[in-house]
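Offset between the sequence shown (1-based) and this note's numbering: plus 13.
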Amino acid sequence: ALVSILASSDKEELVTEALAVLAALAENFDGANAVCEASALTLIIGMLRSSTSHVGKEHCASILLSLCVNVGVDV
């Protein structure tokens, strides 16, 4: 559901909140794996590039860092 919000919502506040939840999930191994399995990585990178929200970009960077730390080379 969170990934579909990233893919389809045009409401920046909703997208930012979804990114915040994904960032919290990605902070541990199981959550990071779930984010990867949901094929969210491409969307997160796209959001990092295109978002006008500073907070949204911070969440994207946090997710990417957590994925690198918790999943490693599989990212």
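Each residue gets a CB set at the ideal place from its N, CA and C atoms; glycine is no exception. Only a predicted model underlies this, so the values are computations on that prediction, with no experimental measurement involved.
To the nearest angstrom, how far is the alpha carbon of Ala53 from that of Val16?
In the sequence shown, counting from the first residue as 1, residue 53 sits at position 40. In the sequence shown, counting from the first residue as 1, residue 16 sits at position 3. Computed Cα separation, rounded: 6 Å.
In its own chain, which residues sit with a C-beta less than 6 Å from the C-beta of Ala51, not counting the 5 before and 5 after it?
Sequence index remark: in the sequence shown, residue 51 carries index 38 (1-based). These residues qualify, in order along the chain: Val16.
Per-residue burial, Ile58 [other beta carbons within 10 Å of its own, 16 or more giving buried]
In the sequence shown, counting from the first residue as 1, residue 58 sits at position 45. With fewer than 16 other beta carbons inside 10 angstroms of its own, Ile58 counts as exposed.
Give me, in chain order, the residues of the same chain whose beta-carbon lies closer than 6 Å to that of Ile76; leave out the 5 immediate sequence neighbours on both sides.
The residue you call residue 76 lines up with position 63 of the sequence shown. Closer than 6 Å at Cβ, skipping near neighbours: Leu35, Ala36, Ala39 and Ile57.
Taking Lys70 as part of the alpha helix (DSSP H), name the residues at either end of that continuous run.
Counting from one through the sequence shown, the residue named residue 70 turns up at place 57. First-last of the alpha helix (DSSP H) with Lys70: His67 to Asn83.
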